[in-house]
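Chains as they are written, first to last, in the working numbering: chain Z, -5 to 217; chain U, 4 to 224. The beta carbon of each residue, even a glycine, is placed where N, CA and C say it ideally should be. All values reported here derive from a predicted model rather than from experimental measurement.
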């Protein structure tokens, strides 16, 4: 992990209390979340349009992960609304356009990277051809490791197997929680490229990271 | 429906890569059942009388043994989260996992039971009834057990809690399953017991995946 202070988001337009515009795809208004009795944050509002991304920043325990989990519908919001294309979340349509990669590796140690990708696609009900899966793994620098069990790969390589899903699963909204963890300099650069391409192709992204990302269209939210 | 079969295939492949976990519950079943004839001695009349109960109780316990692992690994590595966010219905994916659990922990019991039944001096027709009763009963055990496994997911010491939660719910299956075999060896018609087992199974097929999914969503929060 790069130990960079989460403050100093001068590169981006500062977000709070409200950022947004009319052609927003994702709109979050007045969101509040609690963990047990403890209120993590309240009054979080933002909206994202095509080609924009949100950098969620905050200290450890500020509720970055909770915000992302609430956003995708894994955790309930205390108050507030989340809308995707104008409809309340979570809807089946939202899940079809969403890819969420969390803290967990979400890959099976017993399977090979190739099998992991194929089963992830099959469970999502998304078609995936062998060449497409191989190309995704090679782009992420796993050439020659496609058929090895994930068990023998390093933490960074496991992370790369997970990130390969960004290429094999078409989605409009990427929600990435600490996606840069355990990655080396080359892979950090590569993931930056992938996110850049995704945004250029009309995608949206919400991510937490302790490092600054030189990508256009960025907004920043400090919890 | 493709995602249902993909979910089954995935769990079967994972089980194939770590065979010991499945083998444990099967050997447990074989050993527990075999201990009774060894302990009681060669008394065909007594053995024949206790056979249905012993085989069914052993099947309950063997199923229970594999239950804590049903969702634990997927929960730990985040796969369950990904399933919950899949565009495919979460319930269908979970139904696939339950079906895979039955194929791995239930079906082998059905196939092993007649061999073990021979130790209890059961005749051929009773062995058939035993197999049929287990064929109807073991999916019921997997379905009910999945609810318990989902409710105790992530709870410390969940294994013991799971047993306390699930075993009472297994009582109807035990009564009608063992009852069918007893009726057959007493020369009575086992049809009524089968009908009740099938009714319970139909109810569980409809209800259990839904309840399991609801419990898993709470565990994921």
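Within 8 Å, strictly: CB atoms of residue i and residue j
i, j, result
"residue 76 (chain Z)", "residue 163 (chain Z)", "no"
"residue 94 (chain U)", "residue 66 (chain U)", "no"
"residue 113 (chain Z)", "residue 205 (chain U)", "no"
"residue 110 (chain Z)", "residue 101 (chain Z)", "yes"
"residue 112 (chain U)", "residue 32 (chain U)", "yes"
"residue 64 (chain Z)", "residue 95 (chain Z)", "no"
"residue 75 (chain U)", "residue 223 (chain U)", "no"
"residue 116 (chain U)", "residue 144 (chain U)", "no"
"residue 80 (chain U)", "residue 97 (chain Z)", "no"
"residue 89 (chain Z)", "residue 213 (chain Z)", "no"
"residue 245 (chain Z)", "residue 38 (chain Z)", "Outside the modelled stretch of chain Z, which goes from -5 to 217, sits residue 245 (chain Z), for which no answer is possible."
"residue 151 (chain U)", "residue 169 (chain U)", "yes"
Residue environment, residue i, which counts as buried when at least 16 other CB atoms sit within 10 Å
i, result
"residue 4 (chain U)", "exposed"
"residue 212 (chain U)", "buried"
"residue 171 (chain Z)", "buried"
"residue 140 (chain U)", "buried"
"residue 132 (chain U)", "buried"
"residue 37 (chain U)", "exposed"
"residue 252 (chain U)", "Given that chain U is displayed from residue 4 to residue 224, the structure contains no residue 252 (chain U) and the question cannot be resolved."
"residue 155 (chain Z)", "buried"
"residue 40 (chain U)", "buried"
"residue 23 (chain U)", "exposed"
"residue 118 (chain U)", "exposed"
"residue 18 (chain U)", "buried"
"residue 73 (chain Z)", "exposed"
"residue 118 (chain Z)", "buried"
"residue 77 (chain U)", "buried"
"residue 14 (chain U)", "buried"
"residue 202 (chain U)", "exposed"
"residue 187 (chain Z)", "exposed"
Coil, strand or helix - residue i by DSSP
i, result
"residue 10 (chain U)", "helix"
"residue 14 (chain Z)", "Annotation note: pLDDT 49 at residue 14 (chain Z) (below 50); position unreliable, no value reported."
"residue 99 (chain Z)", "coil"
"residue 5 (chain Z)", "The predicted position of residue 5 (chain Z) is uncertain, since its pLDDT is 36 and thus under 50; a value taken from the coordinates is nonetheless stated next. Note: residue 5 (chain Z) maps to coil in three-state DSSP."
"residue 217 (chain U)", "helix"
"residue 56 (chain Z)", "coil"
"residue -5 (chain Z)", "In this prediction, residue -5 (chain Z) has a pLDDT of 37, which is less than 50 and means its spatial position is unreliable; nothing more can be read from the coordinates."
"residue 207 (chain Z)", "coil"
"residue 217 (chain Z)", "coil"
"residue 170 (chain Z)", "strand"
"residue 56 (chain U)", "helix"
"residue 212 (chain Z)", "strand"
"residue 176 (chain Z)", "coil"
"residue 158 (chain Z)", "coil"
"residue 224 (chain U)", "coil"
"residue 46 (chain U)", "coil"
Run of the beta strand (DSSP E) containing residue i, from where it starts to where it stops
i, result
"residue 79 (chain U)", "No beta strand (DSSP E) holds residue 79 (chain U); the alpha helix (DSSP H) holding it covers 72 to 79."
"residue 165 (chain Z)", "Where residue 165 (chain Z) is concerned, there is no enclosing beta strand (DSSP E), given that its DSSP letter is neither H nor E."
"residue 41 (chain Z)", "32 to 42"
"residue 47 (chain Z)", "47 to 51"
"residue 91 (chain U)", "No beta strand (DSSP E) holds residue 91 (chain U); DSSP gives it neither H nor E."
"residue 20 (chain Z)", "20 to 29"
"residue 198 (chain Z)", "198 to 202"
Range of the contiguous alpha helix (DSSP H) that encloses residue i
i, result
"residue 192 (chain Z)", "179 to 194"
"residue 26 (chain U)", "22 to 43"
"residue 190 (chain U)", "Unbroken run through residue 190 (chain U): none, as it is neither H nor E."
"residue 67 (chain Z)", "It is not in any alpha helix (DSSP H) - residue 67 (chain Z) carries neither H nor E in the DSSP assignment."
"residue 116 (chain U)", "110 to 120"
Contact with chain C by residue i, beta-carbon distance below 8 Å
i, result
"residue 104 (chain Z)", "Among the chains of the structure shown, chain C does not appear; the protein chains present are Z and U."
_Runs of 4 residues minimum, wholly inside the stretch 123 to 171 of chain U: which ones carry the alpha helix (DSSP H) assignment?_
Taking only runs of at least 4 residues, the alpha helix (DSSP H) segments lying wholly in the stretch 123 to 171 of chain U are 127 to 154 and 161 to 169.
*Uninterrupted beta strand (DSSP E) stretches inside the stretch 70 to 148 of chain Z (no shorter than 3 residues)*: Listed in chain order, the complete beta strand (DSSP E) runs (minimum 3 residues) inside the stretch 70 to 148 of chain Z are 73 to 78 and 92 to 95.
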